[in-house]
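When you read off a place in the sequence shown, starting at 1, and then add 17, the result is the number in this note's numbering. Glycine included, every Cβ here is placed at the ideal spot set by N, Cα and C.
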Amino acid sequence: MLKDISAMNPKGHVKLELYNDEEGVFFTKEKKNLVVQSANKIVAEMMADPAKVIRINQLDKGDTAFSPNSESLYPFDLKVQHELKGRYKNDWGELNNKKEFEIEELIDVTTLDKVTVGDRELIVDKDIFLMDASKGKIRFTDAPTEEVTIDYHQINNPYMKIIAGTETVKIDNEIWQRSNVAKNESKTYQVDFRTGKVLFETVQKSIEVSYDYHMKYALGFMALGGKPNASHPNYQPVEFGNSNKLDIDMKNEFPDSRMAIQYPAAISTGATELEPAIPTQPVSTVLKTTDIDVIDTGDSVTKLLKYDLPNVYDTGSGNAGRKLYEIVSIENKTKSVEIDKNNVIISLNTLNKVEVQFKTDDVSIGDKIHIEYRLKLDDSHLIYQLGQSPVVELVSVKHVDAATGEVKPYTIVDGGLKVNEGEVWISNPSTGHITFSSNPTSGAPKVETPGQLTIEYKVNAGTVVKFIADFPKGVPAPTLVDATKSATVLAGQSAIILDYAIAKDDKGAFIEPEITLTSNGATSTLTSGQYTISLDGKIISISGLNDGDTVIVKHKYEKSTHDIYQVAMFDDKVGGKMFNISGIGPVTKDKNTGMRITWMVTF
18 MLKDISAMNP KGHVKLELYN DEEGVFFTKE KKNLVVQSAN KIVAEMMADP AKVIRINQLD
78 KGDTAFSPNS ESLYPFDLKV QHELKGRYKN DWGELNNKKE FEIEELIDVT TLDKVTVGDR
138 ELIVDKDIFL MDASKGKIRF TDAPTEEVTI DYHQINNPYM KIIAGTETVK IDNEIWQRSN
198 VAKNESKTYQ VDFRTGKVLF ETVQKSIEVS YDYHMKYALG FMALGGKPNA SHPNYQPVEF
258 GNSNKLDIDM KNEFPDSRMA IQYPAAISTG ATELEPAIPT QPVSTVLKTT DIDVIDTGDS
318 VTKLLKYDLP NVYDTGSGNA GRKLYEIVSI ENKTKSVEID KNNVIISLNT LNKVEVQFKT
378 DDVSIGDKIH IEYRLKLDDS HLIYQLGQSP VVELVSVKHV DAATGEVKPY TIVDGGLKVN
438 EGEVWISNPS TGHITFSSNP TSGAPKVETP GQLTIEYKVN AGTVVKFIAD FPKGVPAPTL
498 VDATKSATVL AGQSAIILDY AIAKDDKGAF IEPEITLTSN GATSTLTSGQ YTISLDGKII
558 SISGLNDGDT VIVKHKYEKS THDIYQVAMF DDKVGGKMFN ISGIGPVTKD KNTGMRITWM
618 VTF
């Protein structure tokens, strides 16, 4: 028996984008991910049964289109649309003698519904033939010399297909029935399972359609999550490590937040890696001091203004000359005054000699000058080692200033492959070392400037699959959260103002709060007839309140803003196996904000 063993160690990083209708994409964040153990089983099942499908329940809500279709019906589009209808028109001219055509618009056509040449309707499989559906290839019996109109169905989403007959349609929570005629009076609708459209006689609002669909088994969904546990600090990123390899789910996953991954996914070679936050390295220096006695040039009159600074230092491998990094302070001890550092010229700065020149007004013959300065020990602050190698290209290198948050890019020449060209380059591809210029000229800061470096680069390893999922406005859905309001009644007070509006149920009625009143030492629970709720749900009016009474209101409110801390990928819309997970947040997503996740996985 022959046996092959394949080791799969996928890795990658996640990119999050927040967007809205006004600004487009207004926030981006990136981070690495962790692939968990169950990823192996997902890949194994995909290989073992390429035809495997999973059954998924879907609930779509919304309104019909405001304009009718060609059949004078008003469609409500379902999210799963296996096919779409289309119309193609062309006129090859009265001199045309060609019978066979490959038409791009007809690629993956499933049926030719109606074909006309001029005013004449053709008979499919007699006057016109579908020759190759995947190429959009058709053949006419007679070469068309008048305008051709083709109505057709074609594949729109090959991965998902509605299971016919599984739909339940509600309008304002009332169930409607499927029929061959859409009629408001009888509460009936028509449905096209192929194109995922529910059709009504007139415009309809507050529609809910529940249905099942089949999806090819794959790495199908992404989901969002909050803090992994109650003890996790607020607004602190979540980190996952090797101890999480055996995790099978995402803790505190938001209900109904799983969104389908958009297929087909893009594939590329040369793995893109991201180092999102490398702290900058300070220059390695040593602090030195020296005293200089100001003398004359030999004529007893003219001041000598140039003096050497001792620049020899032993780091453990012997004395060696060092360059001056900075002058810290200068004091004229004789006159007890500080000398402005800007008045001192560094006239020579080499490994062999460091020389400074004083301004004639700052010193006199016989003065003792005390200088505190730093020598630069080496250029190690210019060199960084990336996490993955061998490095074949630098894609982008940016500096994020620690004080201002300002982001500035460094100039890269030919992907960083030319040493000493540009402002950063690959100095050792095999080990993943890169080197920065000591004096960038593009406006980027010196690399030792306090902050962080964000480095995107490519390594010669593996194949990259780019998975994308979109979390539109309203996803995750608003959640019901418990709230408690306690108030001590003041004289003349008859209402309690809540911090949050009371939530409503599916029928639009307020969810009844629990209200307790303590008056003169006696506590009672109020009935719905003893209070009223304002139209906005934020004020509860109670008659007969007395000064000093205590009112406690326990109620539910709708939270439409979510703090996203995690994102994960799964093989099913509910339950299923987790493939990978990343602590992407914390990022706040409100009901008017969409979120796009791009997950690049390297195999």
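Other residues of its chain near residue i: CB distance less than 8 Å, five sequence neighbours each side excluded
i	result
residue 340	328, 366, 367, 368, 371, 392, 393
residue 174	97, 98, 99
residue 540	533, 534
residue 506	562, 563, 564, 565, 566, 567, 568
Given residue i as reference, the closest of the options once Cα atoms are compared
i	options	result
residue 266	523, 56, 619	56
residue 219	516, 85, 384	85
residue 615	239, 500, 417	239
residue 59	587, 123, 607	587
residue 307	289, 298, 290, 326	326
residue 302	250, 268, 396	396
residue 620	193, 285, 260	285
residue 263	489, 515, 53	53
residue 599	257, 292, 304, 419	257
residue 46	169, 30, 194	30
residue 526	89, 550, 41	550
residue 610	580, 601, 584	580
residue 414	442, 437, 387	442
residue 37	422, 606, 513	606
residue 232	277, 140, 310	277
residue 585	261, 186, 247, 197	261
residue 115	90, 157, 192	157
residue 295	147, 434, 377, 469	469
residue 5	337, 200, 332	Any property of residue 5 remains undetermined from this structure, which presents the chain solely from 18 to 620.
residue 271	259, 283, 244, 279	244
residue 354	373, 387, 331, 191	387
residue 290	437, 480, 192	480
8 Å Cβ cutoff met for residue i and residue j
i	j	result
residue 71	residue 589	yes
residue 382	residue 361	no
residue 534	residue 543	yes
residue 495	residue 608	yes
residue 274	residue 493	yes
residue 520	residue 582	no
residue 356	residue 379	yes
residue 522	residue 502	no
residue 172	residue 120	no
residue 268	residue 390	no
residue 402	residue 449	yes
residue 400	residue 444	yes
residue 384	residue 359	no
residue 168	residue 104	yes
residue 618	residue 482	yes
residue 228	residue 183	yes
residue 511	residue 559	yes
residue 9	residue 80	Any property of residue 9 remains undetermined from this structure, which presents the chain solely from 18 to 620.
residue 126	residue 150	yes
residue 170	residue 102	yes
Sequence-distant residues of its chain with Cβ nearer than 6 Å to residue i (five each side left out)
i	result
residue 68	none
residue 439	428, 429, 430
residue 298	398
residue 613	34, 487
residue 568	504, 513, 534
residue 454	440
residue 424	415, 417
residue 604	581
Residues near residue i by beta carbon distance below 7 Å, same chain, minus five either side
i	result
residue 181	210
residue 498	573, 574, 576
residue 83	220
residue 76	225, 227
Cβ of residue i within 8 Å of any chain B Cβ
i	result
residue 324	Among the chains in the structure shown there is no chain B, since it carries only a single protein chain.
Near the ligand HEM: residue i beta-carbon under 7 Å from a heavy atom
i	result
residue 514	Among the components of this structure there are no ligands whatsoever, and the ligand HEM is therefore not found.
Examine the Cβ distances between the region 407 to 419 and the region 462 to 474 and report whether three or more of them are shorter than 8 Å. Contact between the region 407 to 419 and the region 462 to 474 is present, because at least three Cβ pairs lie under 8 Å.
Length at least 4, wholly inside the region 193 to 242: the alpha helix (DSSP H) runs in chain order: The region 193 to 242 contains no whole alpha helix (DSSP H) run of 4 or more residues.
Three-pair Cβ contact test at 8 Å for the region 225 to 239 versus the region 558 to 566: A contact between stretches requires three or more CB pairs, one per stretch, nearer than 8 Å, and the region 225 to 239 fails this requirement with the region 558 to 566.
Looking at C-beta atoms only, is the number of pairs between the region 102 to 120 and the region 161 to 175 that lie closer than 8 Å three or more? Remark: three or more beta-carbon pairs, one from each stretch, lie closer than 8 Å, so the region 102 to 120 and the region 161 to 175 are flagged as touching.
Would you be able to state if there are at least three C-beta pairs under 8 Å between the region 86 to 98 and the region 122 to 134? Under the three-pair Cβ rule at 8 Å, the region 122 to 134 does not count as touching the region 86 to 98.
Along the chain, which unbroken stretches of the beta strand (DSSP E) at least 3 residues long are found entirely within the region 405 to 439? For the region 405 to 439, whole beta strand (DSSP E) runs of length 3 or above, ordered along the chain, are 408 to 418, 424 to 426.
Report yes or no: do three or more beta-carbon pairs, one from the region 592 to 603 and one from the region 455 to 470, lie closer than 8 Å? No: the two stretches stay apart, fewer than three of their Cβ pairs being nearer than 8 Å.
Check whether the region 308 to 326 touches the region 483 to 492, taking contact to mean three or more Cβ pairs, one atom from each stretch, closer than 8 Å. The region 308 to 326 vs the region 483 to 492: no contact.
When you compare the region 246 to 260 with the region 201 to 208, are there three or more beta-carbon pairs, one atom per stretch, that lie closer than 8 Å? No contact exists between the region 246 to 260 and the region 201 to 208.
What are the complete beta strand (DSSP E) segments, minimum 3 residues, inside the region 73 to 161? Within the region 73 to 161, the complete beta strand (DSSP E) runs of at least 3 residues are 91 to 94, 100 to 107, 117 to 119, 126 to 134, 145 to 149, 154 to 157.
Write down every uninterrupted run of the beta strand (DSSP E) in the region 514 to 569 whose length is 3 residues or greater and which is fully enclosed by it, in chain order. Segments of the beta strand (DSSP E) lying fully in the region 514 to 569: 531 to 536, 539 to 542, 548 to 550, 556 to 559.
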